[in-house]
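Mapping the sequence shown onto the numbering used here, position 189 (from 1) lands on 189, and the numbers just tick up by one.
Where is the CB? At the ideal position from N, CA and C, for every residue including glycine.
What follows is one structure encoded as structure tokens, with my remarks underneath.
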Amino acid sequence: MAKLERANFGSKLGVILATAGSAVGLGNIWRFPYMAGQNGGAVFILIYIFCVLLLGIPCMISEFIIGRHGQANTARSFRKLSGGTPWMLIGYMGVLTGFLISSYYAVVSGWCLEYVWASLIGKLQGDPDYIKTYFETFSQDPIKPVFWTFLILLATYLIIENGVRDGIERASKLMMPTLFILLLVIVVASCMLPGGEKGIEFLFKPDMSKFTGDVFLAALGQSFYSMSIAMGCICTYASYFSKETNLAKSATQIGVIDFVVALLAGLVIFPAAFSVGVNPDSGPSLIFITLPNVFQQAFGDLAILGYIISILFYALLSMAALTSLMSLHEVSTAFLEEELGTTRKRAAMMVTIACIALGTICSLSLGPWSHHQLFRMTVFDLFDFVTGQLFLPIVGFLTCIFIGWFVPHKIVKDEFTNNGTLRGGSMFYFYIFLVKYVCPVCILFIFLHQLGLI
Ligand code: PHE
1 MAKLERANFG SKLGVILATA GSAVGLGNIW RFPYMAGQNG GAVFILIYIF
51 CVLLLGIPCM ISEFIIGRHG QANTARSFRK LSGGTPWMLI GYMGVLTGFL
101 ISSYYAVVSG WCLEYVWASL IGKLQGDPDY IKTYFETFSQ DPIKPVFWTF
151 LILLATYLII ENGVRDGIER ASKLMMPTLF ILLLVIVVAS CMLPGGEKGI
201 EFLFKPDMSK FTGDVFLAAL GQSFYSMSIA MGCICTYASY FSKETNLAKS
251 ATQIGVIDFV VALLAGLVIF PAAFSVGVNP DSGPSLIFIT LPNVFQQAFG
301 DLAILGYIIS ILFYALLSMA ALTSLMSLHE VSTAFLEEEL GTTRKRAAMM
351 VTIACIALGT ICSLSLGPWS HHQLFRMTVF DLFDFVTGQL FLPIVGFLTC
401 IFIGWFVPHK IVKDEFTNNG TLRGGSMFYF YIFLVKYVCP VCILFIFLHQ
451 LGLI
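Printed below as a string of structure tokens:
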């Protein structure tokens, strides 16, 4: 009975757009371009494609299998498949990772909202020093970023509270196409800038001399983060898939969408940056400090265009962040709802309040509380480190080992082939090979690299 009552996505398109909504986020538009910028442009992109195919997609399929088989929140889905063995702890760790990440992800998402507002009222105009000071003053302010964090979490709550179909699916169906269209408009504007072709060349013409082990590991880490793997999101969403959903095909489609959006973000940033002679390798500050300058200068002759592009860009960034935040929020909401046996509304409320509290701490840790440090890191950096560099690879690694070596292959195959109704049996063996050997080894390398051990 309980199975029949479980919420699910209403259509194939809903499945793809909601899951792609989770994957497409700040990672694509903010992180991917600067990572590509720092790691040789086209070479990084080539390796990245390879990583998505060999690592990202198989890991996503594994989470799909666990979630859809379990028909429950991430912790319970792992528990069911583990038969009560300690493997079930991976699920709990996934939920915890998702929860911790949602708090600091909400802070950065809030920054995007501030930038929509600042663009709108014309405050993002001025010389480079002004823009830099603007970002620093804003992000260290005790009130403003907290306000925006609160606002974006409120928006997330209002969507999540409405349930899987009327909340998540509906919002994704509205926001994802809008995001895509906005992105295309800005890509065209950016690529038409004089001198923009140098940016396009940087993105597409590989210089193999830039290929190093570091670039490879950076691409691996990015593919993982960008596809929302190991945070419970994919697993939770998969529990809302129908028995007919083709898991391997969906994962491939989502991987492609995620990559295309990242590439398009590159096609916004590189041509604009090259057209004004700015090097797009400035790291995390690229979007909040470099880009407002770039937009201003690039469209300087037609200030109104710069003004509009800036608003559109930050609006699309906020949308991308919101759909990812929804998926992170849903991990904890589904967990509390099912484990505490409470209503969805109440569970969502608890998660929202907890995220606001933690988000506030994260935000304040960049300003007034920056002297409170642990292991020489602010709370914000600590969250980033613990979730992104420790939990994420650990959960990803263990998930592969779990599916590849522990869960009976019959169960995995039945999910992969929808009980034998799908063709592509030989693909299954390729998938299992990747999950058993290739993925764990690659993840282990990323992990050791991130810790500075190799
Ligand atoms: N994939 C998201 C991005 O690209 C980040 C994210 C990670 C979101 C994990 C949800 C879960 O920004």
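{"query": "Length of the line joining the Cα atoms of F135 and I289", "result": "7 Å"}
{"query": "C-alpha distance - G70 paired with L247, whole-angstrom precision", "result": "14 Å"}
{"query": "Which listed residue (L291, A334, E330, A303) has its alpha carbon closest to that of Y314", "result": "L291"}
{"query": "Proximal residues to T236 (C-beta, below 7 Å), its chain only, five neighbours per side dropped", "result": "G67, N73, T74, E330, V331, A334"}
{"query": "Counted within 10 angstroms of its Cβ, other Cβ atoms place W30 as buried (16 or more) or exposed", "result": "buried"}
{"query": "N-terminal and C-terminal residue of the alpha helix (DSSP H) that W111 is part of", "result": "89-120"}
{"query": "Reduced DSSP category for L124 - H, G, I as helix; E, B as strand; rest coil", "result": "coil"}
{"query": "Same chain only: Cβ atoms within 6 Å of C400, ignoring 5 sequence neighbours per side", "result": "V435, C439, P440"}
{"query": "Own chain partners of S310 with C-beta closer than 7 Å, once the 5 adjacent residues on each side are dropped", "result": "S119, L124, P292, F295"}
{"query": "In DSSP terms, what M377 is bridged to", "result": "L374"}
{"query": "Beta-carbon gap between L322 and I152 smaller than 8 Å", "result": "yes"}
{"query": "CB contact check: F78 to chain C, cutoff 8 Å", "result": "Going by chain labels, chain C is absent from the structure shown, which holds only one protein chain."}
{"query": "Y225: CB within 7 Å of a non-hydrogen atom of the ligand PHE", "result": "yes"}
{"query": "I257 (DSSP reduced to helix, strand or coil)", "result": "helix"}
{"query": "Local Cβ density within 10 Å of H449, reported as buried at 16 or more and exposed below that", "result": "buried"}
{"query": "S22: CB within 7 Å of a non-hydrogen atom of the ligand PHE", "result": "yes"}
{"query": "Given 8 Å, three or more beta-carbon pairs between the stretch 260-268 and the stretch 178-185", "result": "yes"}
{"query": "Beta carbon of V52 nearer than 8 Å to that of G232", "result": "no"}
{"query": "C416 to L203 span [Cα, whole Å]", "result": "Rather than Cys, the amino acid found at residue 416 in this sequence is Phe. Going by the C-alpha atoms only, they are around 35 Å apart."}
{"query": "S275 beta carbon less than 8 Å from that of G196", "result": "yes"}
{"query": "Closer than 7 Å: C233 CB and nearest the ligand PHE heavy atom", "result": "yes"}
{"query": "Stretch pair the stretch 208-216 + the stretch 37-46: three plus CB contacts closer than 8 Å", "result": "yes"}
{"query": "Beta carbon of S365 nearer than 8 Å to that of F385", "result": "no"}
{"query": "Check: S109 C-beta below 7 Å from any heavy atom of the ligand PHE", "result": "no"}
{"query": "Through-space distance from A303 to M88, alpha-carbon basis", "result": "56 Å"}
{"query": "Buried or exposed (CB count within 10 angstroms, at least 16 for buried), G167", "result": "buried"}
{"query": "Cβ-Cβ distance between I234 and F64 below 8 Å", "result": "yes"}
{"query": "Length of the line joining the Cα atoms of G163 and I446", "result": "36 Å"}
{"query": "Reduced DSSP secondary structure (H/G/I, E/B, other) of A334", "result": "helix"}
{"query": "Residue from S109, V187, C191 whose Cα sits closest to the Cα of A155", "result": "S109"}
{"query": "For T133 and F391, believed in contact at Cβ under 8 Å, the rounded distance", "result": "That pair is no contact at about 35 Å."}
{"query": "Span separating the alpha-carbon of S102 from that of W148", "result": "14 Å"}
{"query": "Segment contact, 8 Å Cβ cut-off, at least three pairs: the stretch 20-34 with the stretch 247-262", "result": "yes"}
{"query": "Span separating the alpha-carbon of S239 from that of L374", "result": "37 Å"}
{"query": "Reference I308; option with closest CA among Y115, G10, M227, M35", "result": "Y115"}
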